[in-house]
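Student: Following this message is one structure expressed as structure tokens.
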Amino acid sequence: MTDVVAVHKQLQELSMATITYSDWELAYNMQLEEAMNASITDMGLSTPRINSETGPGRDRRQDTGPSEYRDGVQHPASDLTSALQFQSQELLKLEQEIKDQNQAIEDAQRLMMEMRRRNHDVEFAKSVLEMSDEEWERVGDEFEKPFCKIDEDDWDDKQTCNLYTARAREDAGYVAIAWSLTDEDNRVLLEQSKCLGVDVPGYEADYISLLDGLAVAIAGGVKNIHVCCHSLTVYNQITGLWKAKSPKQVSSLSQALEKTKQLQDFSIELISKHLNAHTTSLAHEAIKKHIEVTLMKGAKNPCASSSSSQTEKLEDCPICFEKVPEIDTFEVKGCSHRFCLSCLTQHIQIRVKSSQVPVKCPQDCANSVDIDECRDILSHELLEAYAKRLTEASIPESERVYCPFFNCSSLMSKSDLTTSSEPSTSRQPKAPVFGRTECMECHRLFCAECRVPWHAEMTCEEYQSLPLDERDTEDIKLHKLADSNKWQRCAKCHRMIELDHGCYHMTCRCGHEFCYICGAPWVNKQATCKCKLWDEERIVADPLSGDEMDTDSEVDLEHELEDFLRRNPPRVMPRAYKTRMCRFWLSGFCRAGVLCNFAHGPEDLRFQM
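Taken in order, the sequence shown gives residues 1 to 609; the numbers are from the UniProt record's numbering.
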């Protein structure tokens, strides 16, 4: 309240200063007009006619108005008036922000009282329900438990509130947010909505809605919150699946994570828009109210005057289905498909990481994203990776030569390599023969025919005829590791591939498809062998066998995992409904522990079997 009073005093003083300055300016103009009239009369000329509507000297204010010298520069009086008006507007905004903060505190207090009242009603209803018939006949009519102010010690910290967040965008470009806080039975406790303005980015509006809802809920004493939103960006960034790149996203994400630290339990869930229709309708109503208030104040309706221009500046992104300003979109040359910068950047990053270059248009057309046109939207690291993948793709598979050293693996073309004075014998005498070759990146020697570090004093045939255990140490280790883990080698590019999990249908980086068990190729998405397509042990991780872990080590590992989770509790975890028993837990031990998606006992089941 003290801040509001101080702002009021500043506004009064500023208003008095503005009036005083205006009076001084008017008096100065009148004196100047009288002096000019007297001078003209002394010279025997006629007195100029004064405009009665504008007052004396009003028509000459632009040329003869007063000015003020500050810092050696002459400033017109109109600049001072504009500065005073601007300061007045800033003070009015500050006053409105203070009022909004006080209103938020009052709403939070009212929310706390409402939740405590409902908690009291639930307890009272349970008491009546558990009362026996004899006791009801005896004291039922006189039984009462009045509600009174409760201390914070009586607050139930175990109940969880649901926070629904949403945003809306109209054709005129207005963006509004809304959030709704409900109890465990989805009864609305408090809801708010407001219009943010024109052309506000979608992710920024989603974060504002989340931060406002969390701030009010935390101020109201809520300790457990489950957020339900339909923003993919907010969900993936909070859960850690995506990284925030822009400074605004980093700042908003850090603020949201700081607020979650004030809670005992926090979880977030991605829901569809039709499940959040009520909160979305609140945001649309906020836009309508804002336009009505703007019209009542005499301002132009943006829907009538500039709706066409605003609509032309907005583009629909076919990936995230959001309306974004045209300046924040990228047009693929050749097909004119437009995408928002965030979606296109993530698309390029995924394609480059999987070596699917050149990056095709996300609309599955024949055009590609030119690296020269997207230099302004991609990071330096991503541009280098994209250029490297393009260089690799420009070299045919049969012409590619990789440095065999594990800490280099530089790509070279056979056309760039020169024959050495120490050639290797080849089983194809008509083909070009490459002997000792120097890597262009690390400058170490290797054999381009055998694709191994240089085997001195030995031809390729002699080297290939040697048993595996008599070759280079690094080759021996690699082949032993591949045999023990049952790795497969791509028949097209000869890359070594390991199956971590999933089916036996493998797709190499070079595009070759084959069976992981026997190595037979797949043709037209069909297997040419009779091997099984998958193994359940590859789909679901196996528990540790008895040879790998005894009973004592199982107990120690469980204690270590529980201690680690107790010291580092996961702050953000999506709610998981456990409807099946964990077969590893039933067999004796599950190394996933409390992070397992299946139930460890009947008490963990959300639905009874």
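C-beta: ideal position from N, C-alpha, C; glycine also.
What are the uninterrupted segments assigned as beta strand (DSSP E) that are 3 or more residues long and contained completely in the UniProt domain "C3H1-type" (576-603), given in chain order?
Tutor: Segments of the beta strand (DSSP E) lying fully in the UniProt domain "C3H1-type" (576-603): there are none.
Student: Could you name the residues that DSSP lists as bridge partners for R338?
Tutor: If you number the sequence shown from 1, residue 338 lands on position 338. R338 pairs with E331.
Student: Which of the three DSSP states, helix, strand or coil, is assigned to H290?
Tutor: Numbered from its first residue, the sequence shown carries residue 290 at position 290. Correct three-state label for H290: helix.
Student: Distance check for R110 and C582, CA to CA, integer angstroms please.
Tutor: Against the sequence shown, residue 582 aligns to sequence position 582. Against the sequence shown, residue 110 aligns to sequence position 110. Distance between the alpha carbons of C582 and R110: 44 angstroms.
Student: For W136, name the three-state secondary structure that DSSP assigns.
Tutor: Position 136 of the sequence shown holds residue 136. Three-state result, W136: helix.
Student: Could you check the C-alpha separation between C590 and G601 for me, to the nearest Å?
Tutor: Position 590 of the sequence shown, counted from the start, is the residue given in the question as residue 590. Position 601 of the sequence shown, counted from the start, is the residue given in the question as residue 601. Taking the straight line from one Cα to the other gives about 12 angstroms.
Student: So is P521 buried or exposed if we call it buried at 16+ other beta carbons inside 10 Å?
Tutor: Counting from one through the sequence shown, the residue named residue 521 turns up at place 521. Counting Cβ neighbours within 10 Å, P521 comes out exposed, since fewer than 16 surround it.
Student: For C460 versus W454, is the C-beta spacing smaller than 8 angstroms?
Tutor: Numbered from 1 along the sequence shown, position 460 holds the residue referred to as residue 460. Numbered from 1 along the sequence shown, position 454 holds the residue referred to as residue 454. Taking 8 angstroms as the Cβ cut-off, C460 and W454 do not qualify as a contacting pair.
Student: Looking only at its chain, what residues have a beta carbon closer than 7 angstroms to the beta carbon of E397, apart from the 5 residues adjacent to it on each side?
Tutor: For the purposes of this step, residue 397 is identified with residue 397 of the sequence shown, where counting begins at 1. So the qualifying residues of the chain are K492, C493, C510.
Student: Ignore the nearest five residues each way along the sequence and tell me which others in Q262's own chain have a CB closer than 6 angstroms to its CB.
Tutor: To locate residue 262, count along the sequence shown from 1; it is residue 262. Excluding positions up to five away in sequence, the list reads I218.
Student: Taking the C-alpha atoms as reference points, what is the distance between F266 and E536?
Tutor: Taking the first residue of the sequence shown as 1, we reach residue 266 at position 266. Taking the first residue of the sequence shown as 1, we reach residue 536 at position 536. F266 and E536: Cα-Cα distance of roughly 34 angstroms.
Student: Where DSSP assigns a beta bridge to K194, which residues make up the other side?
Tutor: Walking along the sequence shown from the start, residue 194 turns up at place 194. Looking at the DSSP assignment, K194 forms a beta bridge with I177.
Student: Work out the CA separation of L481 and Y516 for me, nearest whole Å.
Tutor: For the purposes of this step, residue 516 is taken as residue 516 along the sequence shown, with counting starting at 1. For the purposes of this step, residue 481 is taken as residue 481 along the sequence shown, with counting starting at 1. Cα to Cα, the separation comes out at about 16 angstroms.
Student: Buried or exposed: L241, going by 16 or more other Cβ atoms within 10 Å of its Cβ?
Tutor: In the sequence shown, residue 241 corresponds to position 241, counting from 1. Exposed, by the Cβ-count rule.
Student: Out of E170, K126, L275, which one is the CA nearest neighbour of D316?
Tutor: Position 316 of the sequence shown holds residue 316. Cα-wise, what sits closest to D316 is E170.
Student: Are there 16 or more other CB atoms within 10 angstroms of the CB of V175, so buried, or fewer, so exposed?
Tutor: Sequence index remark: in the sequence shown, residue 175 carries index 175 (1-based). That one is buried.
Student: Measuring alpha carbon to alpha carbon, tell me which residue in R580, W534, G593 is nearest D563.
Tutor: Residue 563 sits at position 563 when you count from the first residue of the sequence shown. Cα-wise, what sits closest to D563 is G593.
Student: May I ask you to list the residues that DSSP assigns as paired with E438?
Tutor: Reading the sequence shown from its first residue, position 438 is the one you call residue 438. The partner list for E438 (beta bridge, DSSP) reads L445.
Student: Do you know how far the Cα of D185 is from the Cα of R575?
Tutor: Position 575 of the sequence shown holds residue 575. Position 185 of the sequence shown holds residue 185. Confidence at R575 is low in this model, with a pLDDT of 49, below 50, so the placement of that residue is unreliable and no value is reported for it.
Student: Within the continuous alpha helix (DSSP H) that includes P247, where are the two ends?
Tutor: Reading the sequence shown from its first residue, position 247 is the one you call residue 247. Residues 247-260.
Student: Give, in chain order, every unbroken run of the beta strand (DSSP E) that is at least 3 residues long and sits entirely within the stretch 337-410.
Tutor: Fully enclosed beta strand (DSSP E) runs of 3 or longer: 338-340, 400-402.
Student: Nearest to H284 by alpha carbon, out of D121, Q31, S193?
Tutor: Position 284 of the sequence shown, counted from the first residue, corresponds to residue 284. For H284, the nearest C-alpha among the options comes from S193.
Student: Taking all protein chains shown into account, do 16 or more other C-beta atoms lie within 10 angstroms of the C-beta of A125, making it buried, or fewer, making it exposed?
Tutor: Translated into the one-based positions of the sequence shown, residue 125 becomes position 125. Flag for A125 reads exposed.
Student: Over what stretch of residues does the beta strand (DSSP E) that includes E513 continue unbroken?
Tutor: Here residue 513 refers to the residue found at position 513 of the sequence shown. Where E513 is concerned, the enclosing beta strand (DSSP E) stretches over 513-515.
Student: Contact check, D206 vs S180 under 8 angstroms by CB: the rounded distance?
Tutor: Against the sequence shown, residue 206 aligns to sequence position 206. Against the sequence shown, residue 180 aligns to sequence position 180. Not a contact, Cβ separation roughly 15 angstroms.
Student: Please say whether L390 and V357 have beta carbons closer to each other than 8 angstroms?
Tutor: As a working mapping, residue 357 is identified with position 357 in the sequence shown. As a working mapping, residue 390 is identified with position 390 in the sequence shown. Yes, they are a contact pair.
Student: Please state whether DSSP places T182 in a helix, a strand or coil.
Tutor: On the sequence shown, position 182 is the one that residue 182 refers to. Strand at T182.
Student: If you draw a straight line from the C-alpha of S465 to the C-alpha of I497, how long is it?
Tutor: Here the question's residue 465 lines up with position 465 in the sequence shown. Here the question's residue 497 lines up with position 497 in the sequence shown. Roughly 25 angstroms separates the two Cα atoms.
Student: Take C450 and list the residues in its own chain whose beta-carbon comes closer than 8 angstroms to its own, dropping the five residues that flank it on each side.
Tutor: For the purposes of this step, residue 450 is taken as residue 450 along the sequence shown, with counting starting at 1. Closer than 8 angstroms at Cβ, skipping near neighbours: S424, C460, Y463, Q464.
Student: For N524, which of helix, strand or coil comes out of DSSP?
Tutor: Residue mapping note: residue 524 aligns to position 524 of the sequence shown, counting from 1. If DSSP states are grouped into helix, strand and coil, N524 belongs with coil.
Student: May I ask you to report which of helix, strand or coil DSSP gives R509?
Tutor: Position 509 of the sequence shown holds residue 509. It is coil, neither helix nor strand.
Student: Tell me the DSSP bridge mates of R167?
Tutor: Counted from its first residue, the sequence shown places residue 167 at position 167. R167 pairs with I177.
Student: Which residue or residues does DSSP assign as beta-bridge partners of V188?
Tutor: Counting from one through the sequence shown, the residue named residue 188 turns up at place 188. Paired residue(s): T182.
Student: Are three or more beta carbon pairs between the stretch 394-414 and the stretch 366-383 nearer than 8 angstroms?
Tutor: Because the criterion of three Cβ pairs below 8 angstroms is not met, the stretch 394-414 and the stretch 366-383 do not touch.
Student: Report yes if the C-beta distance between T182 and S209 is below 8 angstroms; otherwise report no.
Tutor: Walking along the sequence shown from the start, residue 182 turns up at place 182. Walking along the sequence shown from the start, residue 209 turns up at place 209. No, they are not a contact pair.
Student: Taking the DSSP output, what are the residues bridged to H226?
Tutor: Taking the first residue of the sequence shown as position 1, residue 226 is located at position 226. Looking at the DSSP assignment, H226 forms a beta bridge with N162, S267.
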